[in-house]
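All remarks here apply to the structure that follows.
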Amino acid sequence: MKRLIVDVPPGEYAVTRLAPDAPVPAGLLDLTGVLVSVTRTPAELSIIAPASFAVDGDAAERGWRLLTVRGPLEFTLTGIMAALAGELAAAGVSLFALSTYDTDHLLVKHADLGRAVVALRAAGHELVVAPEA
């Protein structure tokens with residue numbers, strides 16, 4: 001696995017589940033400079049957004065921190081998410097993973113961020129952790 005650069009921006013995220021037929025919350029897609037993910041399946045509407053953006057839902061998990069692999073990554077690259085997930089699993093850090101066209105993103109609980117950073121650095125990756133505002 002090649003050495004990756006992983007950015008850790010400030011701020012916490014929330015993962016929220018809404019009913020499968022729920023509308024996308026107003027203003028959500030107007031957010032810029034942050035990760036916002038909307039995924040609809042037959043069973044749910046899943047929202048990932050900064051915790052400061054209130055989304056009322058069936059279930060919400062707050063207190064996540066974002067780790068973004070600096071990209072763009074070629075579609076032909078293999079094993080990036082598996083390697084990062086394996087390194088975090090070995091450190092006892094659970095994660096929530098998602099990918100976009102350009103790169104991969106991991107969310108880890110705020111309480112686990114320190115262990116995640118140590119584990120990924122020990123595996124040879126560069127982590128750029130932004131100071132909290």
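Under the UniProt record's numbering, the sequence shown has 120 at position 120, and the numbering climbs by one with no breaks.
Note that CB positions come from ideal geometry on N, CA and C, so glycine has one too.
Subject >> Bridge partners - Phe75, DSSP secondary structure assignment >> reply: In the sequence shown, counting from the first residue as 1, residue 75 sits at position 75. For Phe75, which the question treats as bridged, DSSP gives no partner whatsoever.
Subject >> Whole runs of the alpha helix (DSSP H) within the UniProt domain "CASTOR ACT" (60-121), excluding any shorter than 4 residues >> reply: The UniProt domain "CASTOR ACT" (60-121) contains these whole alpha helix (DSSP H) runs: 80-90.
Subject >> Buried versus exposed call for Thr16 [16 or more other C-beta atoms within 10 Å across all chains shown] >> reply: Locating residue 16 in the sequence shown gives position 16, where the first residue counts as 1. Label assigned to Thr16: buried.
Original post:
Is Ile47 buried or exposed, if buried means 16 or more other CB atoms sit within 10 Å of its CB?
Top reply: Walking along the sequence shown from the start, residue 47 turns up at place 47. That one is buried.
**OP:** Classify Asp56 as helix, strand or coil using the three-state DSSP reduction.
**Re:** For the purposes of this step, residue 56 is identified with residue 56 of the sequence shown, where counting begins at 1. Taken through DSSP and simplified to helix, strand or coil, Asp56 comes out as coil.
Original post:
Count the other CB atoms within 10 Å of the CB of Ala26; is the residue buried (16 or more) or exposed (fewer)?
Top reply: Working through the sequence shown from its first residue, we reach residue 26 at position 26. The residue is exposed, with fewer than 16 neighbouring Cβ atoms inside 10 Å.
Original post:
Residues bridged to Val129 by DSSP?
Top reply: Here residue 129 refers to the residue found at position 129 of the sequence shown. Val129 pairs with Val8.
Subject >> For Leu35, three-class secondary structure by DSSP >> reply: Start at 1 with the first residue of the sequence shown, and residue 35 comes out as number 35. Looking at Leu35 - three-state DSSP - the assignment turns out to be coil, as it is neither helix nor strand.
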